[in-house]
Each structure stands twice: as structure tokens, then as C-alpha cells.
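A.B. asks:
Numbering (my numbering), first residue to last: 85 to 222.
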């Protein structure tokens, strides 16, 4: 069982993988500095056990600043909108950083208000939506 109460954790985005793993982007509201994290839990049983907590807050590879959404590719890779850093980050199914795409700007492969991410069924293309209703394929 998780040690934090429901009042302490504010879920932002939830996705469930085919292997019945749940990924939650959450913000710990009781932390003075805040903490954006991804929680990976197994929901095959009723225990909802915490398996791993991914990432810390920051700008380095594998760190997140205001993550907003998650997409899981058919191969198990996880794509996260790293909104504060204006990029998409790719992780393995167990939370290991793989690569990133994007930077701040208005050109190709750049983002201003990155909001959502989706992966096509083949896993060949990653799609994004920005707050200005712009969409792109990366």
C-alpha cells in the first residue's frame, strides 16, 4: 500500500498498460518545493503496490518539470510530456531514461505549450498536442 494519503497526492494523468501496470503522474501537495513524479504500480491484485517511483524534478535527461501526460507504445516504451522543459522524454517500461525529443520554440520539433502525447499502434510515430491547438508528429 502507498504511504501517502489521497489528500497528499494529486493525480494529474493516469494510464494503464496492457500488462496491467498503472502509471500516474502526480504532484505531492504537502512538499514545500513540490515534486513531479511518475508512479508505476501493479493493479492485477487489489493491493495497488508501489513498484517504482520514476524521475526527480529538474532539467537533466530523465528529470521532469511539470509532466502532463503519458503514452505507452506497443513495445512497452513510455513517452512523457515534459511540459516545463518543452520536450518529450522516452523511458523503458521500468523507468530507465532512453532519449528525448524537442526544445523550446516554434520551429520543427520545438514546443511552446506542450500538452498531450500519443503513440500510433505500430509505435512508429509519436504525436503531440500543444495548448495553442497545434499538433505535430515527431
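Where is the CB? At the ideal position from N, CA and C, for every residue including glycine.
Helix, strand or coil for residue 116, going by three-state DSSP, please let me know.
C.D. replies: Confidence at residue 116 is low in this model, with a pLDDT of 41, below 50, so its placement is unreliable and the value that follows should be read with caution. Residue 116: coil per DSSP, three-state reduction.
A.B. asks: Using DSSP with H/G/I as helix, E/B as strand and the rest coil, what is residue 212?
C.D. replies: strand
A.B. asks: Once the 5 residues before and after residue 174 are set aside, which same chain residues still bring their CB inside 6 Å of it?
C.D. replies: 161, 163, 182 and 183
A.B. asks: Using DSSP with H/G/I as helix, E/B as strand and the rest coil, what is residue 140?
C.D. replies: In the three-state scheme derived from DSSP, where H, G and I count as helix and E and B as strand, residue 140 is classed as coil.
A.B. asks: Specify whether the stretch 143-156 and the stretch 197-217 touch according to this definition: at least 3 beta carbon pairs, one from each stretch, less than 8 Å apart.
C.D. replies: Taking a cut-off of 8 Å for Cβ pairs, the stretch 143-156 and the stretch 197-217 touch, as three or more such pairs fall below it.
A.B. asks: What is the rounded straight-line gap between the Cα of residue 151 and the Cα of residue 169?
C.D. replies: 9 Å
A.B. asks: For the beta strand (DSSP E) containing residue 155, list its first residue and its last residue.
C.D. replies: 151-156
A.B. asks: Is the beta carbon of residue 165 closer than 7 Å to that of residue 224?
C.D. replies: No answer is possible for residue 224: the residues shown for the chain start at 85 and end at 222.
A.B. asks: For residue 174, does the three-state DSSP call read helix, strand or coil?
C.D. replies: strand
A.B. asks: Is it buried or exposed, residue 148, if we count other Cβ atoms within 10 angstroms and call 16 or more buried?
C.D. replies: buried
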